[in-house]
Structures are given as structure tokens and as C-alpha cells.
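Visitor:
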Amino acid sequence: MANEKIYLYPIWIRIWHWLNALLFITLMITGISMQYSNPENPFLVSFELSVQLHNICGILLSINYLIFFLGNLITSNGKHYRMQSKGLFTRLYNQSIFYLFGMFKKQDSPYPISTENKFNPLQRFIYSTAMYVGFPIIIVSGLALFFPEIIIRQIFGLSGILVTALFHVIIGFILSLFLFIHLYVCTIGSSIISNFKSMITGWH
Ligand code: HEM
Numbered sequence: 000m001a002n003e004k005i006y007l008y009p010i011w012i013r014i015w016h017w018l019n020a021l022l023f024i025t026l027m028i029t030g031i032s033m034q035y036s037n038p039e040n041p042f043l044v045s046f047e048l049s050v051q052l053h054n055i056c057g058i059l060l061s062i063n064y065l066i067f068f069l070g071n072l073i074t075s076n077g078k079h080y081r082m083q084s085k086g087l088f089t090r091l092y093n094q095s096i097f098y099l100f101g102m103f104k105k106q107d108s109p110y111p112i113s114t115e116n117k118f119n120p121l122q123r124f125i126y127s128t129a130m131y132v133g134f135p136i137i138i139v140s141g142l143a144l145f146f147p148e149i150i151i152r153q154i155f156g157l158s159g160i161l162v163t164a165l166f167h168v169i170i171g172f173i174l175s176l177f178l179f180i181h182l183y184v185c186t187i188g189s190s191i192i193s194n195f196k197s198m199i200t201g202w203h
């Protein structure tokens, strides 16, 4: 039923999500600032402030991630992140075809939202990859850079710190790309703002 209201986002996931968004955006801005500046030539934010904010927000984001991880382990929200490999490609293909053509022809979504399936297959795949592959890598590499003495000196003849920093920056770039795609996809709903409202009220 098109007008039926369903409760999809429990309060803990909404608090986690908006805190995560705030911390992630601050990390993105300070990360870009550090990448393109030095103490003499600041870019966007002063170098000193960028370093301090990046460290604080990185630690807070890691603690917040622990809440997400444990919350998904303890509550039923975790089921939305589990994927079955059987038929995965077909489901991803069907959803992509809908995003590319079907929705512009006002066709019905091939995988309607329900309390059992709050994400369509593409969302499920991308959210699971971002949260269970991207986040652990960026958090572990970030913590290692915070305590550089724990990083092994040489990896295949290259400086361990350099390799760790490269991993950190590459995943940061991919997750930032995810954010822009995420924002666009979130505008696809019964109205442009309906999904944003859902993430505030919990109701879809
Ligand atoms: C200003 C920034 C952001 C806005 C406006 C935003 C908006 C939204 C909205 C409207 C939803 C609900 C619709 C849906 O499930 O697709 C959502 C869900 C979600 N977002 Fe975001 N988001 C932002 C940043 C982020 C960031 C930085 C991440 C992680 C890198 C993220 C990860 C997620 C995840 C994992 C969900 C599903 C949560 C669940 O129900 O289990 N979001 N977001």
C-alpha cells in the first residue's frame, strides 16, 4: 500500500547516523585540508586546527562505529546488512536497471520497502560494503597513524607509515564518493525530502 507508514529507523540508528554524518563531514573537510596544506600555507582550515579536529573526530567516529557494530549484532537491524550470494548479481542488475530507466518511466520498484527489507539490493550491498569493509579499514589505519609506533617499519620495501597513510586516504576518498552518491540516492523517494524526513522521524 502506497500510503502505509512503516517504522524503519529505530532511535539508536538515527542518533548513530546523524552523529556519524557530522563527524564524517568534519573528517572529510579537515582531511582534505591536511592533504593540500602545510603549517605555512593553510587550505580551508588552519593546519594545526585540522590536525586536532581530525584526531578528535576520528576517535569519536570510531566509538560511534562500535555502537553501530554492537547495535546491529544485538538488535534486528543487523539483518538488513546480511547478503545472500545466490542471485545477488541478478538482484543488483534489476535494481540498477530500475535506477537507470524504470524510475524515469514511473515503474514500480522491483524490491519494495518493507520491515523485512528496508534496503533495496543495491543499498544493501553498498551500505554493507561501506560499513563492514570501508569503515573497519579507515578506522584501523587511522588508529595506526594516531599511534605510528605500532606500525611495522617496512612493507615490501616501502615505509609502513606511507602504506598505511595511502590506504587511509584511498578509503577516505572512496567513502567520500559514497557520501555524494548516498545523498543523491536519498533524494529518490515519494518526494525529494521524504527519505531525509524518515531518517529524522524513523517512519517511512
Ligand atoms: C549529511 C550527510 C548525510 C545525509 C543527509 C544522509 C541521509 C540518509 C538518509 C535520508 C537515510 C535513510 C534512507 C536510506 O536508508 O537510504 C540514510 C541512511 C543511512 N546512511 Fe546516511 N546520510 C548522510 C551521511 C552518511 C554517512 C557519512 C554515512 C556513512 C559513511 C551514512 C550511512 C548511512 C547508512 C549505513 C544508512 C542506513 C542506516 C540503517 O537504517 O541501518 N550516511 N542516510
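With numbering that gives the first Met the number 0, you'll find the sequence shown wraps up at 203, consecutive numbering, no jumps. Ideal placement from N, C-alpha and C gives every residue a C-beta, glycine not left out. Computed from a predicted structure; not experimentally measured.
Check this for me: beta carbons of S108 and F97, under 8 Å apart or not?
Guide: By 1-based counting over the sequence shown, the position of residue 108 is 109. By 1-based counting over the sequence shown, the position of residue 97 is 98. Yes. Within cutoff.
Visitor: If you drop the 5 nearest sequence neighbours on each side, which residues of the same chain put their C-beta closer than 8 Å to that of M27?
Guide: In the sequence shown, residue 27 corresponds to position 28, counting from 1. Same-chain partners within the cutoff: G171, S175 and L178.
Visitor: Let me check understanding here. Comparing Cα to Cα, which of K85, S61 and C185 lies closest to G217?
Guide: Residue 217 lies beyond the range of the chain shown here (0 to 203); nothing can be said about it.
Visitor: Consult DSSP for Q51 and reduce its assignment to one of helix, strand or coil.
Guide: The count along the sequence shown starts at 1 and reaches residue 51 at position 52. Helix at Q51.
Visitor: With V211 and Q34 assumed to form a contact (beta carbons below 8 Å), what rounded beta-carbon distance in angstroms separates them?
Guide: Outside the displayed range of the chain (0 to 203) lies residue 211, so it cannot be described from this structure.
Visitor: Please indicate yes or no: does the CB of K117 lie closer than 7 Å to some heavy atom of the ligand HEM?
Guide: Residue 117 sits at position 118 when you count from the first residue of the sequence shown. Checking every heavy atom of the ligand HEM against the Cβ of K117, one is found closer than 7 Å.
Visitor: Taking just the CA atoms, how far does T74 sit from G30?
Guide: Here residue 30 corresponds to residue number 31 of the sequence shown, with the count starting at 1. Here residue 74 corresponds to residue number 75 of the sequence shown, with the count starting at 1. For G30 and T74, the distance between alpha carbons rounds to 33 Å.
Visitor: DSSP beta-bridge partners for L157?
Guide: Stepping through the sequence shown from its first residue, residue 157 is reached at position 158. Partner(s): I154.
Visitor: Start and end of the alpha helix (DSSP H) containing I5?
Guide: On the sequence shown, position 6 is the one that residue 5 refers to. Element bounds for I5: n/a, residue is neither H nor E.
Visitor: Mark Q51 as exposed unless 16 or more other C-beta atoms lie within 10 angstroms of its C-beta, in which case mark it buried.
Guide: Residue 51 sits at position 52 when you count from the first residue of the sequence shown. Its Cβ having fewer than 16 others within 10 Å, Q51 is exposed.
Visitor: Pull up the CB-CB distance for G201 and Y6, whole angstroms please, since I reckon it's below 8 Å.
Guide: Working through the sequence shown from its first residue, we reach residue 201 at position 202. Working through the sequence shown from its first residue, we reach residue 6 at position 7. G201 to Y6, Cβ: 6 Å. Contact.
Visitor: In three-state DSSP terms, what is L42?
Guide: As a working mapping, residue 42 is identified with position 43 in the sequence shown. The amino acid at residue 42 is misidentified as Leu; the sequence shows Phe. Note: F42 maps to strand in three-state DSSP.
Visitor: CB-CB under 7 Å to S127, same chain, minus the five flanking residues each way: which ones, in chain order?
Guide: Here the question's residue 127 lines up with position 128 in the sequence shown. Excluding positions up to five away in sequence, the list reads Y80 and M82.
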